[in-house]
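Peer 1: In my numbering, the protein residues as written are 838 to 1169.
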């Protein structure tokens, strides 16, 4: 393609778009935000003015019909990810869609099949952490053998939100801890090990009012007797941490998901040689958007395919199935 920059349209005025992705797109040298849409036209206009976006629309359909837009960023509620990503494809737009890209593995498989009908278009699930240099460094440390053979990976991720109006606490919107932040806890070990779990065991606690899961834990069994464990909660003190434990050392990632975009973060290596800290300052959203736009520009594969997204959803499905049946579930 002869374009040097790709025009982005933002689907909704969701907080993650306003606070993280739009500012990141403005910093990426191959991206430009040209329009934003909301079902409330006044809201769209106000947000466009605040963020310095040229065009605003009072419906998502108007955004899709804008011929100037090359790429759609989809941060809608989870239950709308599939529907509006498909609509974007129908209108000839590439799509970067927030995680989880579907409500279950079947939805992602359906999207993957539909994408095959549009060979010139690209779709990627927005797991921005994969682009942060702290995770790339963690992989390098492991590859160099500095922690030996991996034995276990443990993740904790929580925040406190008991607002019934928030989509994270609404079952119809695909809310709950597992879908919102547990998807990261499942993605982390898959990313580090570059492998899929063979079986899982899950535990789910649901809020009696919201009916969404407020505390979900899981055990993921990988090959070579590697085990990954996690707990995620929407009703606990805010905290996040990932520990990668080997037989010769360990890595601690302080902010595995929400690494600050305007301040330093670090990972810590402990082994027989002592303690070593690696400090980073990066905008993972900017890196993600640039990488996606580069794939469009070069016609290459996106960094992480829908097959990866589907595999992550298969584990989520299995965790839910395991909790319901109180049994170990094998991953097919």
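Even glycine gets a Cβ: it sits at the ideal position worked out from N, Cα and C. Since the model is a prediction, treat every value here as computed from it, not as a measurement.
Restricting to runs no shorter than 4 residues, where is the alpha helix (DSSP H) found entirely within the segment 987-1032?
Peer 2: If we require 4 residues or more, the alpha helix (DSSP H) runs fully inside the segment 987-1032 come out as 1020-1030.
Peer 1: Would you check if the segment 1030-1041 and the segment 1052-1059 touch, i.e. whether three or more CB-CB distances between them fall below 8 Å?
Peer 2: Yes: the two stretches touch, three or more of their Cβ pairs being nearer than 8 Å.
Peer 1: To the nearest angstrom, how far is it from the Cα of residue 852 to the Cα of residue 906?
Peer 2: Taking the straight line joining both Cα atoms gives about 21 Å.
Peer 1: Looking at residue 912: is its Cβ nearer than 7 Å to the Cβ of residue 1001?
Peer 2: Cβ atoms of residue 912 and residue 1001: not closer than 7 Å.
Peer 1: Is the segment 891-910 touching the segment 1106-1121, taking contact as three or more C-beta pairs under 8 Å?
Peer 2: They do not touch, by the three-pair rule.
Peer 1: With distance defined between alpha-carbon atoms, name the residue in 924, 1040, 1052 nearest to residue 1165.
Peer 2: Of the listed residues, the one whose Cα sits closest to residue 1165 is 1040.
Peer 1: When you compare only the Cα positions, how much space is there between residue 944 and residue 1146?
Peer 2: Distance between the alpha carbons of residue 944 and residue 1146: 10 Å.
Peer 1: Taking just the CA atoms, how far does residue 1013 sit from residue 995?
Peer 2: Distance between the alpha carbons of residue 995 and residue 1013: 12 Å.
Peer 1: Could you check if residue 1087 is buried or exposed, using at least 16 other CB atoms within 10 Å of its CB as the buried criterion?
Peer 2: Answer is buried; the Cβ neighbour count reaches 16.
Peer 1: Please name the residue, chosen from 917, 950, 960, 923, that lies closest to residue 1141 on a Cα-to-Cα basis.
Peer 2: Taking only the C-alpha atoms, the option nearest residue 1141 is 960.
Peer 1: Please name the residue, chosen from 1158, 1089, 914, 1137, that lies closest to residue 1007 on a Cα-to-Cα basis.
Peer 2: Nearest option by C-alpha distance: 914.
Peer 1: Figure out for me which residue from 1050, 1090, 1075 has the closest Cα to the Cα of residue 1082.
Peer 2: The shortest C-alpha separation from residue 1082 is found at 1090.
Peer 1: So who's on the other strand from residue 1050, going by DSSP bridges?
Peer 2: 1043, per the DSSP bridge assignment.
Peer 1: Does the segment 1119-1130 come within contact of the segment 858-872, defined as at least 3 CB pairs closer than 8 Å?
Peer 2: Because the criterion of three Cβ pairs below 8 Å is met, the segment 1119-1130 and the segment 858-872 touch.
Peer 1: Check each candidate in 1137, 953, 1025 and name the one with the smallest Cα separation from residue 973.
Peer 2: Of 1137, 953, 1025, the residue nearest in Cα terms is 1025.
Peer 1: How far does the alpha helix (DSSP H) with residue 901 in it reach, from first residue to last?
Peer 2: Residue 901 -> alpha helix (DSSP H) spans 897-902.
Peer 1: DSSP three-state call for residue 906: helix, strand or coil?
Peer 2: Coil.
Peer 1: Can you tell me the Cα-Cα spacing of residue 992 and residue 904, whole angstroms?
Peer 2: The straight-line gap from Cα to Cα measures roughly 43 Å.
Peer 1: Apply the 10 Å Cβ neighbour rule to residue 1172 and answer buried if 16 or more other Cβ atoms are within range, or exposed otherwise.
Peer 2: As shown, the chain starts at 838 and ends at 1169. That puts residue 1172 outside it, with no answer to give.
Peer 1: Give a yes or no on whether the C-beta atoms belonging to residue 867 and residue 1130 are separated by under 7 Å.
Peer 2: Yes, these two residues count as a Cβ contact at 7 Å.
Peer 1: Would you call residue 886 buried or exposed, if buried means 16 or more other Cβ atoms sit within 10 Å of its Cβ?
Peer 2: Exposed: under 16 other Cβ atoms inside 10 Å.
Peer 1: May I ask you to verify whether the segment 933-950 touches the segment 1067-1086, counting CB pairs closer than 8 Å and requiring at least 3?
Peer 2: No: the two stretches stay apart, fewer than three of their Cβ pairs being nearer than 8 Å.
Peer 1: Would the beta-carbon of residue 1064 fall within 7 Å of that of residue 987?
Peer 2: Cβ atoms of residue 1064 and residue 987: not closer than 7 Å.
Peer 1: If you follow the alpha helix (DSSP H) that residue 1161 is in, where does it begin and where does it stop?
Peer 2: Element bounds for residue 1161: 1143-1162.
Peer 1: Which residues share a DSSP beta bridge with residue 1080?
Peer 2: Looking at the DSSP assignment, residue 1080 forms a beta bridge with 991, 1089.
Peer 1: Would you mind sorting residue 1200 into buried or exposed? The rule is 16 or more other CB atoms within 10 Å of its CB.
Peer 2: Nothing can be reported for residue 1200, as the shown portion of the chain is limited to 838 through 1169.
Peer 1: Spatial neighbours of residue 1054 within its chain, please: C-beta separation below 6 Å, excluding the five flanking residues on both sides.
Peer 2: Cβ neighbours of residue 1054 beyond the five flanking positions: 1040, 1068.
Peer 1: Look up residue 1111 in the DSSP assignment and give the residues it is bridged to.
Peer 2: Note: residue 1111 sits in a beta bridge opposite 1108.
Peer 1: Under 7 Å between the Cβ atoms of residue 1102 and residue 1092?
Peer 2: Yes, the pair counts as a contact, with Cβ atoms nearer than the cut-off.
Peer 1: Could you tell me which whole beta strand (DSSP E) segments of length 3 or greater appear in the segment 846-887?
Peer 2: Entirely contained in the segment 846-887, the beta strand (DSSP E) runs reaching 3 residues are, in chain order, 868-874.
Peer 1: Measure the Cβ-Cβ separation of residue 1151 and residue 963 and say whether it is below 7 Å.
Peer 2: Taking 7 Å as the Cβ cut-off, residue 1151 and residue 963 do not qualify as a contacting pair.
Peer 1: What does the Cβ neighbour count give for residue 1021, buried or exposed, with the cut at 16 atoms within 10 Å?
Peer 2: Buried: at least 16 other Cβ atoms inside 10 Å.
Peer 1: So, are the CB atoms of residue 890 and residue 908 less than 7 Å apart?
Peer 2: Contact: no.
Peer 1: Checking the sheet assignment: what are the DSSP bridge partners for residue 893?
Peer 2: Residue 893 is bridged to 873.
Peer 1: Does any C-beta atom of chain D lie closer than 7 Å to the C-beta of residue 938?
Peer 2: Checking the listed chains, one finds no chain D in this structure; it contains a single protein chain.
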